[in-house]
Amino acid sequence: MKTLKIIIALILTYAFIKSGIDLCNEEPENSLMYVIIILVFLLIPAYLFYSATKRIEDKQTALEKKENDEINGIH
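Counting from 13, one number per residue, gives the positions in the sequence shown under the numbering used here.
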């Protein structure tokens, strides 16, 4: 699931940036508005990257807690 989220995030990032560049080339007078819209849409792949890497951190934290409990003698 983590790999799938990262792949989807990469595809969305490429698509949003490509469409933003195309829109800015077609209508340069509205380019600032398009840049702002694309930056907002880039929050979607950013969240996917975050959620894909957050699960790894949660698992590491749980493993560290288990190791600490074993060291302290709590079973």
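For every residue, glycine included, the Cβ atom is placed at its ideal position computed from N, Cα and C.
In this structure, the alpha-carbon of N42 lies about 7 angstroms from that of C36.
The C-beta separation of K17 from S63 comes to about 6 angstroms, placing the pair in contact by the 8 angstroms criterion.
Within 10 angstroms of the beta-carbon of Y26 lie fewer than 16 other beta-carbons, which makes it exposed. Annotation: E39 to Y59 spans about 29 angstroms, alpha carbon to alpha carbon. The C-beta distance from F28 to L44 rounds to 16 angstroms, too long to fall under 8 angstroms, and the pair is not in contact.
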